[in-house]
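To keep things clear, I will list the structure first and then write my remarks on it.
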Amino acid sequence: EPEVTQTPSHQVTQMGQEVILRCVPISNHLYFYWYRQILGQKVEFLVSFYNNEISEKSEIFDDQFSVERPDGSNFTLKIRSTKLEDSAMYFCASSDWGQEYGYTFGSGTRLTVV
Amino acid sequence: SQKIEQNSEALNIQEGKTATLTCNYTNYSPAYLQWYRQDPGRGPVFLLLIRENEKEKRKERLKVTFDTTLKQSLFHITASQPADSATYLCALPPAGRALTFGSGTRLQVQP
């Protein structure tokens, strides 16, 4: 069964550093998403991406964050100048015809900011 | 403001019984609702989608109902097994936008 692949599985970074989280969505999917989950809290929407541009973003997704699809397969989330409160599990997801058919999530990247 | 409410208390049931989880929402008129399963440290896994014009949807041992008048969905697992132990999330699209998730209900099935 096709999978969404995320790397790395765990990243530790110093406060103020930049991190790039990587995702390979399912190849024929058109919609891509980033969500995050702070430990013990709910899954929160960050951003959605379609047709090579951001289609929607949440209040969390401020100027500190950016997304890119640098080639035909990868989808990245960059966090500039990380803060302690950015520590969370970050999930990438993709869907084919939009959210009506369910999202396929990756296994996540656990980001720890120290 | 829009809210999705799921029982934050864990649901403990005996193997073989039916588990029923509730999702209530306010200030939404969703065209559909989805249910996901999440295991610790893992991403959510899509289980079922039910549309506003569908009262009930079934998939193997899973059954979902959707009452747009009550603004509620019920998620049932029949003949529950210890392997069904997980957190179950309901998710709604606010006005056709990306899915918003509830905080989930943890289900523990005792052998």
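Chains as they are written, first to last, in my numbering: chain F, 359 to 472; chain G, 5 to 115. Just so it is clear, CB atoms sit at the ideal spot from N, CA and C, and this is done for glycine as well.
### Task
Determine the direct distance from the alpha carbon of residue 444 of chain F to that of residue 54 of chain G, and round the result to whole angstroms.
34 Å
### Query
Going along chain F in order, which residues have a C-beta closer than 8 Å to the C-beta of residue 104 of chain G?
403
### Query
Is the CB-CB distance between residue 72 of chain G and residue 56 of chain G below 7 Å?
yes
### Query
With 16 other CB atoms within 10 Å as the buried threshold, where does residue 33 of chain G fall?
exposed
### Task
Answer with buried or exposed for residue 99 of chain G, where buried requires no fewer than 16 other C-beta atoms within 10 angstroms of its C-beta.
exposed
### Query
Of the choices G:18, G:87, G:97 and G:41, whose alpha-carbon is the least far from that of residue 79 of chain G?
G:41
### Task
Measure from the C-beta of residue 376 of chain F to each C-beta in chain G and report whether the shortest distance is under 7 Å.
no
#### Entry: residue 52 of chain G versus residue 30 of chain G: straight-line alpha-carbon distance, rounded
21 Å
### Message
Mapping the DSSP letters down to three states, classify residue 461 of chain F as helix, strand or coil.
### Response
coil
### Query
Quick one, which of F:384, F:399 and F:450 has its alpha-carbon nearest residue 466 of chain F's?
F:450
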